[in-house]
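Take a look at the structure set out below.
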Amino acid sequence: MKNLLLIVLLLPFLSIAQIRQSEVFKKHPTTPTENIKLTGVIEVSKTMYGITFKDTTISEEYKNAVKIFFKKRLNSYTDLKKYRLQVEKRTDGLFIENTKI
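Read in order, the letters of the sequence shown are residues 1 to 101 in full-length UniProt numbering.
And the structure:
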């Protein structure tokens, strides 16, 4: 009975810990020198009706940055297809595909 009570009390904490799916930045580095807090990827589909994100739970800060990026780089990204955008968080701002936002 005591073990069952302990499981019931800890279950909400374990379920909340699994919610962090909306992260832009990776959890594990691919190379030993990679800083996972500063580089990431956002997957976007550009359609006739606008931009749709693969992960809809990304924060508004990054969604707005991607929209600004597509407005700035209109000539380079005109095709209606899926894009994997490299995101870097530097001291002087947010960079998407080496373009400052």
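Yeah, the Cβ is synthetic: ideal placement off N, Cα and C, and Gly gets one too.
- Taken in chain order, the complete beta strand (DSSP E) segments of 3 residues or longer contained in the stretch 46-81 are 50-53.
- Burial is judged here by how many other beta carbons sit within 10 angstroms of a residue's own beta carbon; Tyr62 has at least 16 and is buried.
- Nearest to Ile96 by alpha-carbon distance, out of Pro29, Thr30, Ile68 and Asp79, is Ile68.
- Between Thr39 and Phe53 a beta carbon distance of about 18 Å is seen, past the 8 Å cut, so the two are scored as non-contacting.
- For Lys89, DSSP records a beta bridge to Leu94.
- In the structure shown, the three-state DSSP call for Ile42 is strand.
- Assignment of beta-bridge partners to Lys100 by DSSP yields Phe95.
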